[in-house]
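Just below is one structure, and these are the notes that go with it.
Residue numbers (the working numbering), protein chains in the order written: chain A, 1 to 347; chain B, 1001 to 1260.
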């Protein structure tokens, strides 16, 4: 009981043999924000499609608001609100008309509906623009209208599929505030997918890291970060010699979990800044040329690296995601979290 | 059932509202039929003098054909609307509401029907007022033309939607529609008495739904003493066609959802 979402061993293979989901299971407690974090193509959207009855799993079962998504899809649809990746607003209609039509599809009407619509327009700061065509709205306004559309029928469970992708950084932060306020005030259960580490860290009380159709780690952001002791040291290599660099780094006392990711070497150390001179000396003695060294406190990026062997950015870039935006934001968040020590251009 | 009708109306109103806000678009859709009716009609005015031509006034002959042809042409584009909804994510947004699935398909067709009524009345009016036609079939005859145009338009609209849902590419829909509609028109008796056409065209035309609509409409509108057997049999064929096309569209919709 008290699980608003239960996904059990979901498997989904698309034509052509692409295994989008390879046994995904998780539970979301009622009234919490749960984050599915992963790079583009990890299987987040497929999971959301199955849970919202848009798609069917090949194997496994899922229950949303206590209802089986395959056996009882209509009841599930009544219980959920969905905000998809695209701004699914009808630009040829006004904001108000968009909301009214959405409400009517749930069987609402009359005063109840018009009052609900007025409330939502107010709450999402769209009241002034309510009777203008939605195609004239800014990206942020369209996104807010989109979220309002998902809320018209007072859902028990709200799905937000990458709610801030493509938004400017300030608008993104404003959207985070809206989302946390929603969860707080309406007692909603929210399932949020994101490929922004910072977003998952900020919003979700529980999260699952998805990679290549599997959940590789699950817990609260704090729990996940607590698994990691110490700081991350990242060394950017100038040229080849990665294998010998890897070996050299592994020999340095106090340095562990050495992982090679392209031209980046990552390792962990209890006191990152203190380990840097030894790291550089070890690399120097192997004749490996270093472009930059960064030391950062544990972040979700490290959790991801630890469980998948890749950094989040390289995973995102590797899937050729449509938005270079994603990588940029991840890089920005990493840079912000980092910045303890930066020793660059040794040799 | 009540829900299906209600939701179909919600969806149709959405499409109609968008259309009414671009009245210029309605004018654009009338450019083609006006050219056919007034320019083509004037150019080929003397065609009725061919020995054995079934009518002695080309405007009489041409008008019902232009009405149903216009319905065919505008219905062909119906799928573009659904495609836009798909691309913007609006289709998926509706699919995760308790909305009737049938209504999502029926909505644009109801809009199609209403647009067809307006277009048909304008073209029949132009035929009477400008092209110099006279219609002994009167109001009942005009009703038959409009019903035939609606049935044909909704059937083709359903097919266009089905195509859009399956291929999900604007280019494919545009290519298919443009390469089918004009040949269908020339493989019918829209412009010419088929008794005077090559026999193979007359044979092909028997299986052309546009021809069914032309025959029913022309018989009811321009014959002083319509053969109702001919009219009703053609309308019946069109109704069956509409049912079949709607069934195809429903299947396409399921296929779309499975592919998600």
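Here a beta-carbon is modelled for each residue, glycine too, at the ideal position from N, C-alpha and C.
For residue i, which option in the options has the closest C-alpha, if you only look at C-alpha atoms?
{"i": "residue 1173 of chain B", "options": "B/1077, B/1254, B/1187, B/1145", "result": "B/1077"}
{"i": "residue 60 of chain A", "options": "A/151, A/268, A/26", "result": "A/26"}
{"i": "residue 67 of chain A", "options": "A/124, A/7, A/35, A/17", "result": "A/7"}
{"i": "residue 1053 of chain B", "options": "B/1244, B/1242, B/1191, B/1231", "result": "B/1191"}
{"i": "residue 1181 of chain B", "options": "B/1066, B/1044, B/1040", "result": "B/1066"}
{"i": "residue 41 of chain A", "options": "A/197, A/112, A/20", "result": "A/20"}
{"i": "residue 150 of chain A", "options": "A/130, A/310, A/80, A/216", "result": "A/80"}
{"i": "residue 230 of chain A", "options": "A/268, A/92, A/23, A/147", "result": "A/268"}
{"i": "residue 206 of chain A", "options": "A/195, A/213, A/214, A/190", "result": "A/190"}
{"i": "residue 155 of chain A", "options": "A/260, A/291, A/31", "result": "A/31"}
{"i": "residue 1168 of chain B", "options": "B/1063, B/1252, B/1038", "result": "B/1252"}
{"i": "residue 1207 of chain B", "options": "B/1220, B/1013, B/1219, B/1187", "result": "B/1187"}
{"i": "residue 1005 of chain B", "options": "B/1222, B/1134, B/1101, B/1223", "result": "B/1101"}
{"i": "residue 126 of chain A", "options": "A/261, A/175, A/95, A/153", "result": "A/95"}
{"i": "residue 104 of chain A", "options": "B/1223, B/1003, B/1114", "result": "B/1003"}
{"i": "residue 201 of chain A", "options": "A/12, A/303, A/49", "result": "A/303"}
Output the boundary residues of the beta strand (DSSP E) element that contains residue i.
{"i": "residue 137 of chain A", "result": "First-last for residue 137 of chain A: undefined, no H or E at that position."}
{"i": "residue 9 of chain A", "result": "3-14"}
{"i": "residue 257 of chain A", "result": "255-261"}
{"i": "residue 59 of chain A", "result": "59-64"}
{"i": "residue 236 of chain A", "result": "231-237"}
{"i": "residue 208 of chain A", "result": "206-211"}
{"i": "residue 1188 of chain B", "result": "First-last for residue 1188 of chain B: undefined, no H or E at that position."}
{"i": "residue 22 of chain A", "result": "18-29"}
{"i": "residue 1110 of chain B", "result": "Where residue 1110 of chain B is concerned, there is no enclosing beta strand (DSSP E), although the alpha helix (DSSP H) it sits in stretches over 1101-1129."}
{"i": "residue 1026 of chain B", "result": "Element bounds for residue 1026 of chain B: not the beta strand (DSSP E) but the alpha helix (DSSP H), 1023-1034."}
{"i": "residue 34 of chain A", "result": "33-37"}
Quick check on residue i: buried or exposed, where buried means 16 or more other Cβ atoms within 10 Å of its Cβ?
{"i": "residue 1249 of chain B", "result": "buried"}
{"i": "residue 1138 of chain B", "result": "exposed"}
{"i": "residue 1178 of chain B", "result": "exposed"}
{"i": "residue 320 of chain A", "result": "Low local confidence applies: a pLDDT of 38 at residue 320 of chain A is under 50, so the model's placement there is unreliable, with the coordinate-based value given in what follows. Classification of residue 320 of chain A: exposed, given that the 10 Å Cβ count is below 16."}
{"i": "residue 203 of chain A", "result": "buried"}
{"i": "residue 1020 of chain B", "result": "exposed"}
{"i": "residue 324 of chain A", "result": "The pLDDT assigned to residue 324 of chain A is 35, lower than 50, so where the model puts this residue is not dependable; a value taken from the coordinates is nonetheless given after this. Its Cβ having fewer than 16 others within 10 Å, residue 324 of chain A is exposed."}
{"i": "residue 1243 of chain B", "result": "exposed"}
{"i": "residue 1247 of chain B", "result": "exposed"}
{"i": "residue 112 of chain A", "result": "exposed"}
{"i": "residue 1001 of chain B", "result": "exposed"}
{"i": "residue 1007 of chain B", "result": "buried"}
{"i": "residue 233 of chain A", "result": "buried"}
{"i": "residue 1046 of chain B", "result": "exposed"}
{"i": "residue 1212 of chain B", "result": "buried"}
{"i": "residue 332 of chain A", "result": "With a pLDDT of 39 at residue 332 of chain A, under the threshold of 50, the modelled position of that residue is not reliable, and no figure is offered here."}
{"i": "residue 1136 of chain B", "result": "exposed"}
{"i": "residue 247 of chain A", "result": "exposed"}
{"i": "residue 220 of chain A", "result": "exposed"}
{"i": "residue 322 of chain A", "result": "At residue 322 of chain A, the pLDDT of 36 sits below 50, so the modelled position is not reliable; the number obtained from the coordinates is stated separately. By the neighbour-count rule (16 or more Cβ atoms within 10 Å), residue 322 of chain A is not buried but exposed."}
{"i": "residue 1074 of chain B", "result": "buried"}
Kindly indicate the opening and closing residues of the alpha helix (DSSP H) around residue i.
{"i": "residue 50 of chain A", "result": "44-51"}
{"i": "residue 1158 of chain B", "result": "1138-1167"}
{"i": "residue 1017 of chain B", "result": "1002-1020"}
{"i": "residue 104 of chain A", "result": "95-105"}
{"i": "residue 300 of chain A", "result": "300-308"}
{"i": "residue 111 of chain A", "result": "110-123"}
{"i": "residue 1066 of chain B", "result": "1058-1076"}
{"i": "residue 214 of chain A", "result": "Run containing residue 214 of chain A: none in the alpha helix (DSSP H); it sits in the beta strand (DSSP E), 214-219."}
{"i": "residue 1095 of chain B", "result": "1090-1095"}
Beta-carbon separation of residue i and residue j under 7 Å?
{"i": "residue 1148 of chain B", "j": "residue 1241 of chain B", "result": "no"}
{"i": "residue 1238 of chain B", "j": "residue 1184 of chain B", "result": "no"}
{"i": "residue 99 of chain A", "j": "residue 117 of chain A", "result": "yes"}
{"i": "residue 1097 of chain B", "j": "residue 63 of chain A", "result": "no"}
{"i": "residue 210 of chain A", "j": "residue 38 of chain A", "result": "yes"}
{"i": "residue 1041 of chain B", "j": "residue 1131 of chain B", "result": "yes"}
{"i": "residue 1205 of chain B", "j": "residue 1194 of chain B", "result": "yes"}
{"i": "residue 1117 of chain B", "j": "residue 1146 of chain B", "result": "yes"}
{"i": "residue 1262 of chain B", "j": "residue 198 of chain A", "result": "With chain B covering 1001 to 1260 only, the question about residue 1262 of chain B has no answer from this structure."}
{"i": "residue 45 of chain A", "j": "residue 146 of chain A", "result": "no"}
{"i": "residue 1079 of chain B", "j": "residue 1013 of chain B", "result": "no"}
{"i": "residue 35 of chain A", "j": "residue 213 of chain A", "result": "no"}
{"i": "residue 1217 of chain B", "j": "residue 1033 of chain B", "result": "no"}
{"i": "residue 284 of chain A", "j": "residue 264 of chain A", "result": "no"}
{"i": "residue 139 of chain A", "j": "residue 1089 of chain B", "result": "no"}
- Message: Please give me, in chain order, every unbroken run of the alpha helix (DSSP H) with length at least 4 that falls completely inside the region 1202-1257 of chain B.
- Response: 1209-1222
- Note down, one range per segment and in chain order, each beta strand (DSSP E) of at least 3 residues found wholly within the region 138-194 of chain A. 157-161, 189-194
- Query: At what residue ranges does the region 267-294 of chain A contain a whole run of the alpha helix (DSSP H), taking only runs of 4 or more?
  - Reply: 272-285
- Enumerate, from N- to C-terminal direction, the unbroken alpha helix (DSSP H) stretches of 4 or more residues contained entirely within the region 64-91 of chain A. 73-79
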